[in-house]
Amino acid sequence: MTDITVGTEIPPLTLPPISRYTLALFAGASGDHNPIHIDSDFAKASGMPDVFAHGMLSMAYLARLLTGWKAQSSIRKFSTRFATITQLQDVVTCSGTVVEIIEAQGETLARCEIKINNQNGVSTLVGEATVAL
Amino acid sequence: MLDKSKIGHQFDSFTTLVELGKLRFFAKATGETNPLYSNTEVAQAAGYAAVPIPPTYVFSLDLDSEELMPVVSVLGLDVGRVLHGAQEFEYFAPICVGDEITVTSTIKDIYDKKNGALDFVILENTYTNQQGVLAATTTSTLVQRN
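If you read the sequences in order, they're chains A and B. Here this note's numbering is used: the first residue of the first sequence is 1, the next is one more, and so on. Here this note's numbering is used: the first residue of the second sequence is 134, the next is one more, and so on.
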């Protein structure tokens, strides 16, 4: 039924550089209008070097990694820790690996470790997804 | 130090309508080109009642509340010092355009680390559709740098 096993890698997804335009669009579209992500003056007054990406923008990219691989209806759980701030002009790559196949509630599930690395190889998001096979 | 007596505080629940135009904007903003997330016919051919919300859009339903992030005023947070520490989703049923989703949010925990240098707030939310079906739950961790 499936050729997905422990060690199967999810096809990676690399995104264009994060720009101010990206952040402005995401602020409007997601409803997260926190000025720390779109107003440089506010960000600097808060002690940050500049605006930076919404954690949920990165997580939306990770969701694209998952739904580009398996149908959305098969995703049972999806979690991440926001490990490092994603800065302007960062180029991030989403990737994931199946680490366990489990049976639960009559379903076969793949537990996947998923992450986003920036262009320096630093992990910005680290998480896990459970997907029905 | 945040007010730990607010642990257990439940915010006023609210109901929001899932709209196609907003989902199309979200798809554009996240670079999503799969027509499942913007085209009703494609979504219905895939077995959905209408265009489904993508996995993390659940979080955006929170932001339709009358006050953006009411936890900020309840706990007196300073948004300039708050970071999103972690986010979890669990999915039970699809949420699609036309659904009316009732969001409830509770402060599950408040604690600090590094001798008070970091405050943590854990929020647990539920998302219930117009048929009373629990469609999703989330846990959000917010971190305030002091």
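Here a beta-carbon is modelled for each residue, glycine too, at the ideal position from N, C-alpha and C.
* In terms of residue numbering, what span does the beta strand (DSSP E) encompassing B:Leu256 cover? -> Counting from 1 along the second sequence, the entry for residue 256 of chain B is found at position 123. Annotation for B:Leu256: the continuous beta strand (DSSP E) segment containing it runs Leu251 to Thr261.
* By Cβ distance below 6 Å, which residues in the same chain neighbour A:Met1 in space, the five residues on each side in sequence not counted? -> Residue numbering aside, residue 1 of chain A sits at position 1 when the first sequence is read from its first letter. Below a pLDDT of 50, predicted positions are generally treated as unreliable, and A:Met1, at 49, falls in that range; the measurement from the model is reported next regardless. Same-chain partners within the cutoff: there are none.
* To do: Evaluate B:Lys137 with the Cβ neighbour count: other Cβ atoms within 10 Å of its Cβ, from every protein chain shown; 16 or more gives buried, anything less gives exposed.
  => Locating residue 137 of chain B in the second sequence gives position 4, counting from the first residue. Per the 10 Å Cβ criterion, exposed.
* Decide if the stretch 73–83 of chain A is in contact with the stretch 234–245 of chain B; the criterion is three or more beta carbon pairs, one per stretch, under 8 Å apart. => Output reads no: the stretch 234–245 of chain B does not touch the stretch 73–83 of chain A.
* Whose CA, out of A:Leu13, A:Ser79 and A:Gln105, lies closest to the CA of B:Thr163? -> Looking up residue 163 of chain B in the second sequence gives position 30. Cα-wise, what sits closest to B:Thr163 is A:Leu13.
* To do: Given a cut-off of 8 Å, decide if A:Ile116 and A:Val92 are closer than it, judged by their beta-carbon atoms.
  => Within the first sequence, the letter at position 92 stands for residue 92 of chain A. Within the first sequence, the letter at position 116 stands for residue 116 of chain A. Closer than 8 Å, so yes.
* Asked: For B:Ile243, which residues does DSSP report across the bridge?
  -> Indexing the second sequence from 1 puts residue 243 of chain B at position 110. Looking at the DSSP assignment, B:Ile243 forms a beta bridge with B:Val254.
* Rounded to whole angstroms, what's the CA-CA distance from A:Ile101 to A:Leu133? Just pull it up for me. => The residue labelled residue 101 of chain A in the question sits at position 101 within the first sequence. The residue labelled residue 133 of chain A in the question sits at position 133 within the first sequence. A:Ile101 and A:Leu133: Cα-Cα distance of roughly 9 Å.
* Asked: Straight-line CA distance for A:Pro11 to A:Ser79?
  -> Here residue 11 of chain A is taken as the residue at index 11 of the first sequence, counted from 1. Here residue 79 of chain A is taken as the residue at index 79 of the first sequence, counted from 1. Each residue's alpha carbon lies about 19 Å from the other.
* **Nearest residue (CA-CA) to B:Leu135, options B:Val204, B:Thr189, B:Glu223 and B:Gln264** => Your numbering for residue 135 of chain B matches position 2 in the second sequence. Looking from the CA of B:Leu135, the closest CA among B:Val204, B:Thr189, B:Glu223 and B:Gln264 belongs to B:Val204.
* **Buried versus exposed call for A:Asp3 [16 or more other C-beta atoms within 10 Å across all chains shown]** => Here residue 3 of chain A refers to the residue found at position 3 of the first sequence. Burial check for A:Asp3: the Cβ neighbour count within 10 Å stays below 16, so the residue is exposed.
* What distance in whole Å lies between the Cβ atoms of B:Leu201 and B:Thr149, which are believed to be in contact at a cut-off of 8 Å? -> Within the second sequence, numbered from 1, the residue matching residue 149 of chain B stands at position 16. Within the second sequence, numbered from 1, the residue matching residue 201 of chain B stands at position 68. Contact between B:Thr149 and B:Leu201 does not hold, since their C-beta atoms are separated by about 13 Å, which reaches or exceeds 8 Å.
* Asked: Can you give the beta carbon distance from B:Tyr260 to B:Val191, rounded, assuming they're within the 8 Å contact cut?
  -> Within the second sequence, the letter at position 127 stands for residue 260 of chain B. Within the second sequence, the letter at position 58 stands for residue 191 of chain B. Under the criterion of beta carbons closer than 8 Å, B:Tyr260 and B:Val191 qualify as touching, at roughly 6 Å.
* To do: Identify which residue in B:Ser273, B:Cys229, B:His217 and B:Ala250 has its Cα closest to the Cα of B:Asn258.
  => On the second sequence, position 125 is the one that residue 258 of chain B refers to. Comparing alpha-carbon positions, the option among B:Ser273, B:Cys229, B:His217 and B:Ala250 lying closest to B:Asn258 turns out to be B:Ser273.
* Indicate the three-state DSSP secondary structure (helix, strand or coil) for B:Gln177 in the structure shown. => Here residue 177 of chain B corresponds to residue number 44 of the second sequence, with the count starting at 1. DSSP places B:Gln177 in the helix class (H, G or I) of the three-state scheme.
* To do: Return the chain-ordered ranges of every beta strand (DSSP E) run that is complete within the stretch 6–66 of chain A and spans a minimum of 3 residues.
  => Every beta strand (DSSP E) stretch that sits fully inside the stretch 6–66 of chain A and reaches 3 residues is listed by chain position as 9–14.
* Asked: Listed in chain order, which residues of the stretch 11–42 of chain A have Cβ atoms closer than 8 Å to some Cβ of chain B?
  -> Cβ contacts with chain B: Leu15, Pro16, Thr22, Leu25, Phe26, Gly28, Ala29, Ser30, Gly31, Asp32, His33, Asn34, Pro35, Ile36 and Phe42.
* Asked: Beta-carbon of A:Gly96 versus every beta-carbon of chain B: anything under 8 Å?
  -> The sequence position of residue 96 of chain A within the first sequence is 96, counting from 1. Answer no: the Cβ-Cβ gap between A:Gly96 and chain B never drops below 8 Å.
* Is the CB-CB distance between A:Val51 and A:His33 below 8 Å? -> Locating residue 51 of chain A in the first sequence gives position 51, where the first residue counts as 1. Locating residue 33 of chain A in the first sequence gives position 33, where the first residue counts as 1. In terms of Cβ geometry, A:Val51 and A:His33 do not form a close pair [threshold 8 Å].
* To do: Look at the Cβ atom of A:Ala63, then the Cβ atom of B:Pro187, and state whether they are nearer than 8 Å.
  => Along the first sequence, one-based indexing puts residue 63 of chain A at 63. Along the second sequence, one-based indexing puts residue 187 of chain B at 54. Contact annotation: A:Ala63 and B:Pro187 have beta-carbon atoms nearer than 8 Å.
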